[in-house]
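To start, the structure under review is shown below, and the notes come after it.
In the working numbering, the protein residues as written are 4 to 170.
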């Protein structure tokens, strides 16, 4: 079974406190990709960047002092039209999810935000945990903090034997 991992497609990263026009531009492509996996009966996993009210006091909050993805807020929620019944949801308190090794995967495709932070972090963790599993990142369904950092993250993933498609 193939698995689609949808990384942090949350309102705050799309049109909220950390939103970008590049993030807004991928929403419909991500929705189409999700539908494709749903129609095939494949596994879909959403990650959610998840912070508490004390975010600004955390090490991340001190380096990025912009409140975002505070659990339970509109900004924390997955963008309208993307959530699907039967999907798995992972609330992660930092860039990468450290418990992927509790899962089993045959093949993984990744999409989402931000290419240069949470997508690349999780892609590299997954590659380290599952070196024999094919991992693909659809660049047309990802956006970075900047176009330049998006490209740098794609290059990093390619250097680590992660397949990048639709550049």
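The C-beta atom is built at its ideal place from N, Cα and C for all residues, glycine as well.
Fair warning: this is a prediction, and the values are worked out from it, not measured in the lab.
- Of all C-beta pairs linking the segment 52-68 to the segment 125-139, fewer than three are shorter than 8 Å, placing the two stretches out of contact.
- For residue 87, the secondary structure class from DSSP, reduced to helix, strand or coil, is coil.
- Residue pairing by DSSP puts residue 145 in a beta bridge opposite 115.
- Excluding its 5 nearest sequence neighbours in each direction, residue 118 has C-beta neighbours in its own chain below 7 Å: 145, 146, 147, 153, 156, 157, listed in chain order.
- The continuous stretches of alpha helix (DSSP H) do not include residue 98, and DSSP gives it neither H nor E.
- A direct Cα-to-Cα measurement between residue 15 and residue 54 gives close to 12 Å.
- Judged by DSSP in its simplified three-state form, residue 69 adopts coil rather than helix or strand.
- In the three-state scheme derived from DSSP, where H, G and I count as helix and E and B as strand, residue 41 is classed as helix.
- By a beta-carbon distance limit of 8 Å, residue 49 contacts residue 90. Their separation comes to about 6 Å.
- Going by DSSP, residue 136 is part of no alpha helix (DSSP H) at all; its letter is neither H nor E.
- With fewer than 16 other beta carbons inside 10 angstroms of its own, residue 166 counts as exposed.
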